[in-house]
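Participant: Numbering of the sequence shown is given in this note's numbering, commencing with residue 2 and proceeding in unit increments. Quick reminder that beta carbons are idealized off the backbone N, C-alpha and C, glycines included. Please find one structure pasted underneath; my questions will follow.
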Amino acid sequence: MGAYILRRFLLIFPTLIGVMIINFTLTQFVPGGPIEQIIAQVQGGGDAFDTIAGGGDAGGGSEERYLGARGLPPEFIAQLEKEFGFDKPPLQRFLNMLWNYARFDFGESYFRSAGVIELVLDKMPVSITLGLWSTLIAYSISIPLGIRKAVCDGSKFDTWTSAIIIVAYAIPGFLFAILLLTLFAGGSYLDWFPLRGLSSDGWEDFSLLEKIRDYFWHIALPVLASTIASFATLTLLTKNSFLDEIKKQYVITARAKGLSESKVLYGHVFRNAMLIVIAGFPSLFIGVFFGQSLIIETIFSLDGLGRLGYEAAISRDYPVVFGTLYIFGLMGLLMNILSDLMYVWVDPRIDFATREA
2 MGAYILRRFL LIFPTLIGVM IINFTLTQFV PGGPIEQIIA QVQGGGDAFD TIAGGGDAGG
62 GSEERYLGAR GLPPEFIAQL EKEFGFDKPP LQRFLNMLWN YARFDFGESY FRSAGVIELV
122 LDKMPVSITL GLWSTLIAYS ISIPLGIRKA VCDGSKFDTW TSAIIIVAYA IPGFLFAILL
182 LTLFAGGSYL DWFPLRGLSS DGWEDFSLLE KIRDYFWHIA LPVLASTIAS FATLTLLTKN
242 SFLDEIKKQY VITARAKGLS ESKVLYGHVF RNAMLIVIAG FPSLFIGVFF GQSLIIETIF
302 SLDGLGRLGY EAAISRDYPV VFGTLYIFGL MGLLMNILSD LMYVWVDPRI DFATREA
């Protein structure tokens, strides 16, 4: 097992390099780079895409590329290229970037006057709040409900809960978020929850209990909106996993020996049935953390990593784009290794090294 984990860790680096090569190459052909953005701002507005003649690349170059640079001194354009590092060949810039990232030096944002690490750490609490609480709530509801549905398979309880789950799965997260705002956040009906933000004004002066209450008051609707889709999927996954195990011969044998139903379910079936469910916790967390954060953060006016990445991509803030991409990629790969370790933790009989051999 140790050799398998070591190989997985060693594969992280070529995987990250491959991801960075693909994305760095794509940016060389995307119009509206950071220099075009600054030229548009210096000239008092206008779209940065209008500053490109013939689809200039995102890697910078001579002033002839910039249609919007007419009237600006060539020295100004050259200074911008030097400041952003675009005066160097793309290969050299890419290799420099990899060397810096290997030392976790992600540089500074082009437009925010702050380091990439500082920005990520500043936005991280919002995204972790959504991802962690949504995942925990989904598991705490879905596992008992899925087990109950498996035991009562075909009953009225199973039928009407399945109908609710299907409806919940069919509702897009952003639409459910808007519905929650309309119903409970001062829309057309009730005004029970705040409309935006993660804390109230004067939060620093609150007592500890008031801070805790205010925190949960603000995250209630965003977390509920993030949980809806994963809750439905996880419930059906738990049910189907238990149904598969309940029909196996060892369960019939355990019942024939006179064991109680709870002993059969939780003493024998649970470990095998929950293998895929529990081991999938890291993947589900990453899915909520990355997949839904942008929409939920936008709707509820939360300043998290989703909005940071989106705004950086729109403004061509490449240090933030590549830095967050590298960090997210590294987190995803580490979470995949954690998933494998959880498989072994739930069922020690699993040996990935033997399977690979």
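Please find out if some non-hydrogen atom of the ligand PLP comes closer than 7 Å to the beta-carbon of Ile296.
Facilitator: As far as ligands go, the structure on display features none, and thus does not contain the ligand PLP.
Participant: Under a Cβ-count criterion, where at least 16 other Cβ atoms within 10 Å of its own Cβ denotes burial, should Arg94 be classed as buried or exposed?
Facilitator: As a first step, residue 94 is located in the sequence shown; it is residue number 93 there, counting from the start. Looking at its Cβ environment, which holds 16 or more other Cβ atoms inside 10 Å, Arg94 is buried.
Participant: If you follow the alpha helix (DSSP H) that Tyr267 is in, where does it begin and where does it stop?
Facilitator: Position 266 of the sequence shown, counted from the first residue, corresponds to residue 267. From DSSP, Tyr267 is part of no alpha helix (DSSP H); its letter is neither H nor E.
Participant: In the DSSP assignment, find the alpha helix (DSSP H) that holds Trp161 and state where it starts and stops.
Facilitator: Position 160 of the sequence shown holds residue 161. Unbroken alpha helix (DSSP H) run through Trp161: 157 to 171.
Participant: Measuring straight from C-alpha to C-alpha, what distance separates Ala171 and Ser231?
Facilitator: Numbered from its first residue, the sequence shown carries residue 171 at position 170. Numbered from its first residue, the sequence shown carries residue 231 at position 230. Taking the straight line joining both Cα atoms gives about 11 Å.
Participant: Does the stretch 139 to 150 touch the stretch 237 to 247, meaning 3 or more C-beta pairs lie closer than 8 Å?
Facilitator: yes
Participant: Starting from Gln250, trace the alpha helix (DSSP H) both ways and give me its first and last residue.
Facilitator: As a first step, residue 250 must be located in the sequence shown, where it is residue number 249. 250 to 257 is the span of the alpha helix (DSSP H), which, as asked, contains Gln250.
Participant: Return the Cβ separation of Tyr17 and Val321 in integer angstroms, given the expectation that the two are a contact with Cβ distance under 8 Å.
Facilitator: For the purposes of this step, residue 17 is taken as the residue at position 16 of the sequence shown. For the purposes of this step, residue 321 is taken as the residue at position 320 of the sequence shown. A small fix is needed here, since residue 17 is Leu in this sequence, not Tyr. So it is not a contact: roughly 17 Å between Cβ atoms.
Participant: Whole angstroms are fine: how far does the CA of Ala178 sit from the CA of Ala226?
Facilitator: By one-based count along the sequence shown, residue 226 stands at place 225. By one-based count along the sequence shown, residue 178 stands at place 177. Cα-Cα distance, rounded: 5 Å.
Participant: Alpha carbon to alpha carbon, what distance is there between Met275 and Phe329?
Facilitator: Working through the sequence shown from its first residue, we reach residue 329 at position 328. Working through the sequence shown from its first residue, we reach residue 275 at position 274. Whole-angstrom Cα-Cα distance: 27 Å.
Participant: Based on the DSSP output, what are the partners of Glu37 in its beta bridges?
Facilitator: As a working note, residue 37 is residue 36 in the sequence shown. Glu37 pairs with nothing; no bridge assigned.
Participant: Out of Gln250, Leu81, Thr234, state which residue places its alpha-carbon closest to the alpha-carbon of Ile165.
Facilitator: Within the sequence shown, the letter at position 164 stands for residue 165. In terms of CA proximity to Ile165, Thr234 leads the group Gln250, Leu81, Thr234.
Participant: Report yes if the C-beta distance between Tyr111 and Phe87 is below 8 Å; otherwise report no.
Facilitator: As a first step, residue 111 must be located in the sequence shown, where it is residue number 110. As a first step, residue 87 must be located in the sequence shown, where it is residue number 86. No, the pair does not count as a contact, with Cβ atoms beyond the cut-off.
Participant: Let me check understanding here. Comparing Cα to Cα, which of Asp245, Asp304, His219 lies closest to Val270?
Facilitator: Taking the sequence shown and counting its residues from 1, one reaches residue 270 at position 269. Selected option, being the one with the closest Cα: Asp245.
Participant: Could you check which residue in Lys258, Tyr344, Leu181 has the C-alpha nearest to that of Leu191?
Facilitator: By 1-based counting over the sequence shown, the position of residue 191 is 190. For Leu191, the nearest C-alpha among the options comes from Leu181.
Participant: To the nearest angstrom, how far is the alpha carbon of Asp51 from that of Ile167?
Facilitator: Counting from 1 along the sequence shown, the entry for residue 51 is found at position 50. Counting from 1 along the sequence shown, the entry for residue 167 is found at position 166. Note on Asp51: pLDDT 45, under 50, position unreliable in the model; the coordinate value appears next. The straight-line gap from Cα to Cα measures roughly 46 Å.
Participant: Determine contact between the stretch 253 to 264 and the stretch 113 to 131, defined as no fewer than three beta-carbon pairs at a distance below 8 Å.
Facilitator: no
Participant: Are there three or more Cβ pairs, one per stretch, closer than 8 Å when the stretch 328 to 342 is compared with the stretch 3 to 23?
Facilitator: yes
Participant: Do you know offhand how far Met343's Cα is from Val278's?
Facilitator: As a first step, residue 343 must be located in the sequence shown, where it is residue number 342. As a first step, residue 278 must be located in the sequence shown, where it is residue number 277. Roughly 10 Å separates the two Cα atoms.
Participant: Does the count of Cβ pairs from the stretch 99 to 119 and the stretch 306 to 325 closer than 8 Å reach three?
Facilitator: yes
Participant: Alpha carbon to alpha carbon, how far is Ile213 from Pro32?
Facilitator: The residue labelled residue 213 in the question sits at position 212 within the sequence shown. The residue labelled residue 32 in the question sits at position 31 within the sequence shown. Rounded to whole angstroms, Ile213 to Pro32 spans 46 Å at the Cα level.
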